[in-house]
Amino acid sequence: MGDLLVIMVIGLIAYIVVRVSQKQPIIPAQFQFWRNNETTMAAKKGLEDKLAKKSQKNKNKQQQYEEQEPDLFEELVEDLIDINYQMIRCKNYRYVMMAEVYPCNYFLRSQAEQEAIDSAFESWLATLDYPTSIYIQNKFIDLSEPLEEMKKNMSEQRDMPRNALKYGASVVKDLEHWQSSSPRYETKRYLLFSYELKTSSVKLDDGQDFEEAAAEKAFNELMRRMQNASTQLQPANIKVAPLAKDGIIEVLYHTFNRRKALKAKFKNVKEKEQMALYVTADQTDSRVQLTKELVAAANEAASN
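Residue numbers (our numbering): 1 to 304.
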């Protein structure tokens, strides 16, 4: 009797080990009577139906959702009216003046020089009681013009030693490979001064146009702020240079055409007058007068 019990225990242990190793329940499903009653089956079916409905709902939601790209260009320029008088004219008589900042190499300075730079920058920040923004732009490095100048000089030099020409050609080739092998960027830094003009504060002289008077008042105020920044940051060896109309347009051109601007350069676009979309675009009085003089001179030369 004792041997039979031992054999049964050994057999039970072996059965459990086999079922566990096969990752199967120790008690087969057909013998799990507590799982086969009506209450358990109904609850299981209800849970399955609920999960199926939730899955279908999520699927329909994913099908209905369509991702829309943000209208970045429209959002950035929707308030812009004109660029004139070295300023960006926006709605509600808000004017923005831009200046390019040429920073110093902070980490190559001594501890005393770094503290002086920090002090000058903090002093300028303490004087700001008007809207001022810092804009950082990453532009592709374009070495095409310097390389063309190097090639031109090498071809025009008649008395240059052969070794020097060979070295110059290798430098040009290395620079072209360096630029084309992977994208190279340079960082440009700008300060943006904003001023919203109150129309009631504009005083007009006899016969003076309101828009011209408003632009003049805004220009004087923004230029005062820029001069303050230039004076305050000069001890930190930081140069602040205001941008003219062409400079502002070039910044915007590189903002929206970063890759295209590497081939279609802003300088070439301007020279070919591709900024004018149509021949009836607004032109300055000086340009109209110059065009008339050129036409008159051409007609006179043709008649003679």
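Backbone N, C-alpha and C fix where the C-beta goes; we use that ideal spot for every residue, glycine too. Remember, predicted model here, so these are calculated numbers, not experimental data.
- Contact between the region 127–135 and the region 181–191 is present, with at least three C-beta pairs closer than 8 Å.
- Contact between Glu196 and Tyr93 holds, with the beta-carbon distance rounding to 7 Å and staying under 8 Å.
- For the pair Ile26 and Val9, the Cα-to-Cα distance works out to about 15 Å.
- DSSP places Gln289 in the uninterrupted alpha helix (DSSP H) bounded by Asp285 to Ser303.
- When the beta-carbon positions are compared, Asp142 and Leu262 come within less than 8 Å of each other.
- Ranked by how close their Cα comes to the Cα of Tyr102, the residues Ser230, Thr284, Glu300 and Leu252 have Ser230 in first place.
- Of the residues Phe107, Gln24, Lys139 and Glu293, the one whose Cα lies closest to the Cα of Thr255 is Lys139.
- Per DSSP, Arg225 has no beta-bridge partner at all.
- Per DSSP, the continuous alpha helix (DSSP H) segment holding Pro146 begins and ends at Ser144 to Glu156.
- The C-beta of Trp178 has fewer than 16 other C-beta atoms within 10 Å across all chains shown, which makes the residue exposed.
- In the three-state DSSP reduction, Ala99 falls in the strand class (E or B).
- Here the region 233–240 makes contact with the region 119–130; the two share three or more CB pairs at distances below 8 Å.
- Contact check for Pro183 against Gln86 fails: the beta carbons are separated by 8 Å or more.
- In the displayed model, Ala241 falls within a strand according to three-state DSSP.
- Secondary structure of Glu78 (DSSP, three-state): coil.
- Here Tyr85 carries a coil assignment [DSSP, helix/strand/coil].
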